[in-house]
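**Q**
Protein chains: 4
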Amino acid sequence: MRRYILTITCPDRVGIVAAVTGLIAGHGGSVLEAAQHGDLDTGRFFLRIEVVADSLPSGFGPDQLRAAFDPVAREFDMAWHLSDTDVPKRLILFASTEDHCVADILYRHRSGELDCDIPVVISNHEDLRGLVEWHGVHFRCVPTPSGDPVAKAKAFGEMGRVVEHERPDVIVLARYMQILPADFCASWPGRIINIHHSFLPSFAGARPYHQAYERGVKLIGATCHYVTAELDEGPIIEQDTRRIDHGDSVDELRRVGRDVERTVLARGLRWHLEDRVLLNGNRTVVFP
Amino acid sequence: MRRYILTITCPDRVGIVAAVTGLIAGHGGSVLEAAQHGDLDTGRFFLRIEVVADSLPSGFGPDQLRAAFDPVAREFDMAWHLSDTDVPKRLILFASTEDHCVADILYRHRSGELDCDIPVVISNHEDLRGLVEWHGVHFRCVPTPSGDPVAKAKAFGEMGRVVEHERPDVIVLARYMQILPADFCASWPGRIINIHHSFLPSFAGARPYHQAYERGVKLIGATCHYVTAELDEGPIIEQDTRRIDHGDSVDELRRVGRDVERTVLARGLRWHLEDRVLLNGNRTVVFP
Amino acid sequence: MRRYILTITCPDRVGIVAAVTGLIAGHGGSVLEAAQHGDLDTGRFFLRIEVVADSLPSGFGPDQLRAAFDPVAREFDMAWHLSDTDVPKRLILFASTEDHCVADILYRHRSGELDCDIPVVISNHEDLRGLVEWHGVHFRCVPTPSGDPVAKAKAFGEMGRVVEHERPDVIVLARYMQILPADFCASWPGRIINIHHSFLPSFAGARPYHQAYERGVKLIGATCHYVTAELDEGPIIEQDTRRIDHGDSVDELRRVGRDVERTVLARGLRWHLEDRVLLNGNRTVVFP
Amino acid sequence: MRRYILTITCPDRVGIVAAVTGLIAGHGGSVLEAAQHGDLDTGRFFLRIEVVADSLPSGFGPDQLRAAFDPVAREFDMAWHLSDTDVPKRLILFASTEDHCVADILYRHRSGELDCDIPVVISNHEDLRGLVEWHGVHFRCVPTPSGDPVAKAKAFGEMGRVVEHERPDVIVLARYMQILPADFCASWPGRIINIHHSFLPSFAGARPYHQAYERGVKLIGATCHYVTAELDEGPIIEQDTRRIDHGDSVDELRRVGRDVERTVLARGLRWHLEDRVLLNGNRTVVFP
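Chains as they are written, first to last, in the working numbering: chain G, 171 to 458; chain H, 171 to 458; chain A, 171 to 458; chain U, 171 to 458.
#1: Report yes if the CB atom of SER481/H is closer than 7 Å to the CB atom of ASP445/H, and no otherwise.
#2: Does the distance from the CB of VAL307/G to the CB of VAL333/G come in under 7 Å?
#3: Determine the direct distance from the alpha carbon of ALA243/G to that of ALA436/U, and round the result to whole angstroms.
#4: Looking only at its own chain, which residues have a Cβ that is under 6 Å from the Cβ of THR411/U, when we skip the five neighbours before and after it?
#5: Quick one: what's HIS366/G bridged to in DSSP?
#6: Give the residues of chain H in contact with GLY192/G, contact being defined as C-beta atoms less than 7 Å apart.
#7: Find the residues of chain D that neighbour SER200/H, judging by a C-beta separation of less than 9 Å, and give them in chain order.
#8: Check whether the Cβ atoms of CYS286/U and PRO258/U lie closer than 7 Å to each other.
#9: Hey, out of LEU443/A, ALA399/A, ALA195/A, whose CA is closest to GLY282/A's CA?
#10: At a CB distance below 7 Å, what residues from the region 415–438 of chain U approach chain H? Give them in sequence order.
#11: Would you list the one or two residues that DSSP bridges to ALA205/A?
#12: Quick test of your reading: HIS380/A and VAL420/A, contact by CB under 8 Å. State the CB separation rounded to the nearest angstrom.
#13: Which residues, taken in chain order from the region 341–372 of chain H, show a beta carbon closer than 9 Å to some beta carbon of chain U?
#14: Report the rounded CA-to-CA distance for TYR396/A versus VAL340/A, giving the unit in angstroms.
#15: For LEU210/U, count the other beta carbons within 10 Å of its own beta carbon; 16 or more makes it buried, fewer makes it exposed. Which is it?
#16: Compare the beta carbon distance of THR191/H and ALA249/H with 7 Å and say whether it is the shorter of the two.
#17: Could you pull out every residue in the same chain whose Cβ sits closer than 6 Å to the Cβ of GLU408/A, ignoring the five residues on either side in sequence?
#18: Would you mind sorting ILE365/U into buried or exposed? The rule is 16 or more other CB atoms within 10 Å of its CB.
#19: Can a CB atom of chain U be found closer than 7 Å to the CB of TYR277/H?
#20: Could you have a look at ALA356/A and say whether DSSP puts it in helix, strand or coil?
#21: Identify which residue in ARG214/U, LEU423/U, ARG173/U, VAL184/U has its Cα closest to the Cα of GLY224/U.
#22: Using a C-beta cutoff of 7 Å, does ALA204/H count as contacting chain G?
#23: Measuring straight from C-alpha to C-alpha, what distance separates VAL222/G and TYR346/H?
#24: So what does GLN409/H bridge to, in DSSP terms?
#25: Report yes or no: is there a C-beta of chain H within less than 7 Å of the C-beta of ALA238/G?
#26: So is VAL222/A in contact with chain H if we call contact Cβ pairs under 7 Å?
#27: With a CB to CB cut of under 7 Å and the five nearest residues on each side skipped, what residues in its chain are close to ARG453/A?
#28: From GLY417/G to VAL312/H, what does the alpha carbon distance come to, in whole angstroms?
#29: Which residues does DSSP pair with ASN463/A in a beta bridge?
#30: Pull up the distance between the alpha-carbon of PHE264/A and that of GLU431/A, whole angstroms please.
#31: Can you tell me whether ILE219/H is buried or exposed, with buried defined as 16 or more other CB within 10 angstroms of its CB?
#32: Taking the continuous beta strand (DSSP E) assigned at TYR174/H, which residues delimit it?
#33: Going straight from the alpha carbon of ASP182/A to that of HIS207/U, what length do you get?
#34: In the region 274–358 of chain G, which residue ranges form an unbroken alpha helix (DSSP H) of at least 4 residues, counting only runs that do not cross its ends?
#35: Which residues in chain H have a C-beta closer than 7 Å to the C-beta of THR454/A? List them in chain order.
#36: Classify ASP233/U as helix, strand or coil using the three-state DSSP reduction.
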């Protein structure tokens with residue numbers, strides 16, 4: 171069922187929902203799903219509404235809805251976005267040598283669980299070419315030679331041009347293991363998603379499973395978050411944990427962790443693709 | 171913060187939320203929290219809205235809001251209810267000899283986590299009198315002699331009169347272990363909550379931990395549900411499970427189970443007291 | 171590291187562990203991992219021991235260990251088995267049209283997480299041929315025409331011959347959706363593993379997600395169990411649950427369920443392949 | 171059933187289990203439960219065995235078993251301990267004003283779930299006197315005036331004398347909220363248990379729920395650990411997490427957190443009382 175998904179952020183005040191739903195109802199629009207949140211700390215209001223496209227008059231498409239909505243948005247000082255589910259989101263994967271997250275996303279994409287187009291997977295190694303191409307997705311290898319800052323900068327430049335050209339709605343760092351340049355992060359705010367293999371803020375940085383093993387924690391976790399210039403400090407979208415015990419080696423933490431990583435990433439990514447994640451400073455509002 | 175909580179069920183159609191929020195906004199009402207659900211199967215719509223009392227004009231209290239809302243409710247054929255958080259809900263506990271659920275509810279009540287009055291705990295045994303009275307709650311023992319149907323019917327008659335007199339918003343069967351007469355259940359639809367010590371529909375009826383042990387399941391659970399005349403078949407409010415293993419005896423299942431029972435009951439009861447649970451046939455809509 | 175894995179079941183009595191570990195220590199054997207369980211109900215004792223192969227004298231391989239162990243086994247009336255981790259277990263998959271469990275097992279196999287050989291995947295449809303063959307595994311289609319008992323019996327006969335020829339350590343019904351003939355089940359006791367898409371004993375039989383939706387449960391689950399002639403009644407190896415809510419349609423239960431199914435199956439299968447699951451009547455002892 | 175619980179830590183080498191179980195079997199001892207762990211990193215071995223007291227010869231009590239065991243212990247350079255379940259462990263609670271952990275432990279103690287004696291609860295405030303005394307436990311108030319180091323040192327001196335006199339097997343900091351002096355911690359290594367209201371190492375130190383709220387995590391947790399001189403850095407016994415969302419205020423995190431805290435503490439404490447927790451450097455081995 172084709173839907174228009176409207177997401178709104180604005181200062182909280184009386185009458186927002188009445189105005190928005192009044193406008194939609196005024197055009198006969200049927201609301202399939204709606205969720206809202208008023209943040210008492212920041213005074214911001216968040217709203218997500220799914221309108222059934224066919225319930226609107228013939229000829230009243232997304233552009234007409236946007237135009238009709240504009241005065242309301244101005245009145246309430248809204249930052250807003252309208253998606254059309256008939257226009258698939260565009261996803262680019264950045265990968266390295268580990269395949270569990272890439273394989274999982276490609277599987278879910280192929281099975282129809284993740285509704286998006288994947289124009290390209292970019293990796294700094296050739297390892298995953300076969301996997302990616304078997305799924306009918308274009309694979310591009312852009313090596314990022316360690317210890318050679320000039321070559322590395324050039325590589326990120328090349329990746330930046332690919333991204334500029336493809337204009338993705340989201341870039342997923344599927345265990346990419348490289349730190350993106352700050353300006354790269356800044357160019358795509360709220361559009362780059364990373365999966366970190368720990369329950370942040372515990373064990374940020376390198377080798378989180380080793381850190382977890384050393385500390386002797388009884389659960390390990392994974393965190394799906396937006397990437398900002400501050401490493402592992404961006405807004406968290408989703409997290410989960412799994413139980414381990416004293417008998418589990420670092421390798422076994424890795425094995426258990428891979429399952430957490432891919433389910434956490436899959437949930438967070440699906441929510442992003444369905445416009446269910448709104449930014450609230452360095453925190454997120456998630457309407458699952 | 172004093173709030174009016176409005177819950178609504180009606181046939182789904184265009185304009186419900188616009189009408190309701192329009193009315194509230196028209197009186198300057200500030201919405202603290204709102205959640206909605208349209209059920210595609212039944213065509214029913216469910217809405218829960220918390221309005222900040224102080225945001226409405228002085229002198230415009232719950233009765234005025236009810237009166238103002240009535241025309242909207244008629245227009246949309248709504249079943250609806252308006253609660254005032256300044257009027258505590260009334261809770262009666264039915265208990266027997268096991269104390270873990272009673273102790274937990276009394277603790278949460280005393281600590282302010284469960285916002286309600288508890289006029290009386292009724293039990294068919296004396297065992298819990300000390301615990302209940304230490305919490306400053308009236309304890310009444312109404313024995314239900316097994317094997318004596320006349321005396322038992324008389325006991326339920328006495329309990330019915332107490333309940334009629336107290337007019338509770340909810341009766342909790344806190345491991346009461348007696349089957350209530352069908353007419354008793356019918357008198358308080360959607361107001362009697364039971365905690366069953368299994369993950370329903372598995373292991374309905376007697377001795378669920380024994381049943382679970384015999385079947386060799388790897389998780390046990392608990393279910394909080396509304397009581398209907400059909401034993402263990404009423405609408406489910408909340409459930410949860412915990413992991414067990416081959417080394418756990420029935421007594422150990424009971425120990426683990428007690429923790430699940432009391433947390434599941436506490437969640438379900440709190441949601442009920444906060445008008446977060448709406449009936450949808452034999453299913454529930456829960457806005458947590 | 172090469173290991174010999176010894177699993178033992180016998181009547182419980184004094185001195186079993188002393189005898190077994192005494193024998194191993196007497197040959198200089200180093201124990202990497204050991205777990206035991208005495209069942210107070212049945213009086214049965216269960217033991218699993220991993221011996222480091224290289225810690226035994228040169229020339230003292232699995233056959234020598236078996237021969238040395240035989241007198242102890244007789245003395246204590248043991249049913250026992252010795253596996254050599256250098257001899258991979260053999261796994262056959264039975265599949266149909268749904269691919270999530272097959273894809274997950276093939277992925278885990280390829281990534282080294284499941285240590286076994288997969289000589290063939292047998293399916294009653296052609297749908298998964300590409301997926302299976304891309305992983306380098308032989309695919310064989312044996313249709314089981316519904317409504318034609320003679321053709322169906324012939325199909326199971328053909329499958330039985332393949333199985334007899336391959337002599338697998340385990341057959342996994344990866345959402346195979348066909349009921350195996352009773353004599354087929356009887357031929358491979360404790361060797362056929364099914365994944366059922368509910369938390370058994372809830373929602374046995376057909377269309378468990380529909381049943382779960384109708385009943386309005388708040389968690390759904392999956393169950394990995396050995397297949398017996400009684401449908402969905404065999405010994406349970408592993409189960410897990412996931413939270414759902416009133417907004418989830420049957421299709422969304424299926425989506426959430428697929429993740430539970432594949433993780434539950436992966437855990438249960440790995441434990442089976444590592445000889446961590448012992449039968450105790452219709453229950454299992456699992457040493458994870 | 172009376173049992174002797176033997177816990178052992180020693181350098182790993184061939185023959186430990188054979189020697190220990192051989193000795194027990196040699197006296198006719200029946201083993202109810204046994205668990206072991208060899209740590210490949212440290213080369214340490216850990217063993218816990220429950221022997222049924224009545225299976226040993228009449229007159230062969232814990233002292234005789236200790237004497238018989240001593241040569242084995244010397245041979246393998248063991249640190250070891252033998253508990254007699256007929257001698258209840260002794261538990262002292264340190265509390266402050268928050269009652270949820272204290273109430274939970276007192277409830278579990280009264281219900282028989284925690285097998286121990288509680289000679290005294292020491293608190294720096296009077297608030298919990300009624301609760302503690304209703305449970306028949308001695309309550310002692312030792313104020314720790316903030317901003318007065320001399321008075322505070324005196325208070326800890328007084329508490330130290332009480333502890334010295336009572337010789338507890340374990341001291342539980344049940345949300346005590348005071349930092350114990352380093353020498354106090356050093357006097358009772360592996361005997362002081364704290365419940366920290368975060369998933370350590372995240373949010374160590376003060377106001378963890380505020381920290382969690384600020385960071386925008388999607389799960390909160392609690393950690394039960396042994397206290398060392400390094401704040402929140404001691405060996406972790408048990409942890410768990412619960413899901414929260416963007417709508418939860420700090421107060422709601424506290425409410426959810428209280429449930430995690432008390433279940434995590436209850437599990438960790440029960441394991442300690444049953445000698446199921448062994449120290450392995452700054453990590454723990456837990457045989458649940």
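Note that beta-carbon positions come from the ideal geometry of N, C-alpha and C, so glycine has one too.
**A** The short version:
#1: Residue 481/H is absent from the model: chain H starts at 171 and stops at 458.
#2: Numbered from its first residue, the first sequence carries residue 307/G at position 137. Numbered from its first residue, the first sequence carries residue 333/G at position 163. No.
#3: Counting from 1 along the fourth sequence, the entry for residue 436/U is found at position 266. Counting from 1 along the first sequence, the entry for residue 243/G is found at position 73. In a straight line, the C-alpha of ALA436/U is about 52 Å away from that of ALA243/G.
#4: Indexing the fourth sequence from 1 puts residue 411/U at position 241. Only PHE369, LEU389, GLY391 meet the Cβ criterion.
#5: One-based indexing of the first sequence puts residue 366/G at position 196. Per the DSSP secondary-structure output, HIS366/G pairs in a beta bridge with THR393/G.
#6: As a working mapping, residue 192/G is identified with position 22 in the first sequence. What GLY192/G touches in chain H: ALA188, GLY192.
#7: Here the protein chains are G, H, A and U, and chain D is not one of them.
#8: For the purposes of this step, residue 286/U is taken as residue 116 along the fourth sequence, with counting starting at 1. For the purposes of this step, residue 258/U is taken as residue 88 along the fourth sequence, with counting starting at 1. Yes.
#9: As a first step, residue 282/A must be located in the third sequence, where it is residue number 112. The option with the nearest alpha carbon to GLY282/A is LEU443/A.
#10: Per Cβ criterion, the list reads ARG425, ASP429, THR433.
#11: Locating residue 205/A in the third sequence gives position 35, where the first residue counts as 1. ARG218/A, ALA205/U, per the DSSP bridge assignment.
#12: As a working mapping, residue 380/A is identified with position 210 in the third sequence. As a working mapping, residue 420/A is identified with position 250 in the third sequence. That belief holds up - the Cβ atoms of HIS380/A and VAL420/A are roughly 6 Å apart, short of 8 Å.
#13: Correct list: empty, as no residue qualifies.
#14: Taking the third sequence and counting its residues from 1, one reaches residue 396/A at position 226. Taking the third sequence and counting its residues from 1, one reaches residue 340/A at position 170. As the crow flies, the alpha-carbon of TYR396/A is around 10 Å from that of VAL340/A.
#15: Position 40 of the fourth sequence holds residue 210/U. LEU210/U is exposed by the Cβ-count criterion.
#16: Stepping through the second sequence from its first residue, residue 191/H is reached at position 21. Stepping through the second sequence from its first residue, residue 249/H is reached at position 79. Not closer than 7 Å, so no.
#17: Residue 408/A sits at position 238 when you count from the first residue of the third sequence. Leaving aside the five residues that flank GLU408/A on each side, the residues in its chain whose CB is nearer than 6 Å to its CB run, in chain order, CYS394, VAL434, ARG437, GLY438.
#18: Mapped onto the fourth sequence, residue 365/U falls at position 195. By the neighbour-count rule (16 or more Cβ atoms within 10 Å), ILE365/U is buried.
#19: Residue 277/H sits at position 107 when you count from the first residue of the second sequence. By this cut-off, TYR277/H is an interface position.
#20: As a first step, residue 356/A must be located in the third sequence, where it is residue number 186. In the structure shown, the three-state DSSP call for ALA356/A is helix.
#21: By 1-based counting over the fourth sequence, the position of residue 224/U is 54. Gly is not the amino acid found at residue 224/U; the sequence shown has Asp there. Ranking the options by Cα distance to ASP224/U, first place goes to ARG173/U.
#22: Numbered from 1 along the second sequence, position 34 holds the residue referred to as residue 204/H. True, the Cβ-Cβ gap to chain G drops below 7 Å.
#23: Along the first sequence, read from residue 1 onward, the residue named residue 222/G stands at position 52. Along the second sequence, read from residue 1 onward, the residue named residue 346/H stands at position 176. Here the alpha carbon of VAL222/G sits roughly 47 Å from the alpha carbon of TYR346/H.
#24: Position 239 of the second sequence, counted from the first residue, corresponds to residue 409/H. Checking the DSSP bridge columns, you'll see GLN409/H partnered with THR393/H.
#25: Position 68 of the first sequence holds residue 238/G. Not an interface residue.
#26: Here residue 222/A is taken as the residue at index 52 of the third sequence, counted from 1. By this cut-off, VAL222/A is not an interface position.
#27: Sequence index remark: in the third sequence, residue 453/A carries index 283 (1-based). Around ARG453/A: PRO405.
#28: As a position in the first sequence, residue 417/G is number 247, starting the count at 1. As a position in the second sequence, residue 312/H is number 142, starting the count at 1. Looking at the backbone, the Cα of GLY417/G and that of VAL312/H are separated by about 53 Å.
#29: Outside the shown range of chain A, which is 171 to 458, sits residue 463/A, and nothing can be said about it.
#30: For the purposes of this step, residue 264/A is taken as residue 94 along the third sequence, with counting starting at 1. For the purposes of this step, residue 431/A is taken as residue 261 along the third sequence, with counting starting at 1. Computed Cα separation, rounded: 15 Å.
#31: The count along the second sequence starts at 1 and reaches residue 219/H at position 49. ILE219/H comes out buried.
#32: By 1-based counting over the second sequence, the position of residue 174/H is 4. First-last of the beta strand (DSSP E) with TYR174/H: 173–181.
#33: Stepping through the third sequence from its first residue, residue 182/A is reached at position 12. Stepping through the fourth sequence from its first residue, residue 207/U is reached at position 37. If you take the alpha carbons of ASP182/A and HIS207/U, they lie about 23 Å apart.
#34: List check, alpha helix (DSSP H) in window: 299–304, 319–336, 352–357.
#35: Indexing the third sequence from 1 puts residue 454/A at position 284. Chain order gives the chain H residues near THR454/A as GLY386, HIS416, where near means a beta carbon separation below 7 Å.
#36: Along the fourth sequence, one-based indexing puts residue 233/U at 63. Here ASP233/U sits in helix by DSSP.
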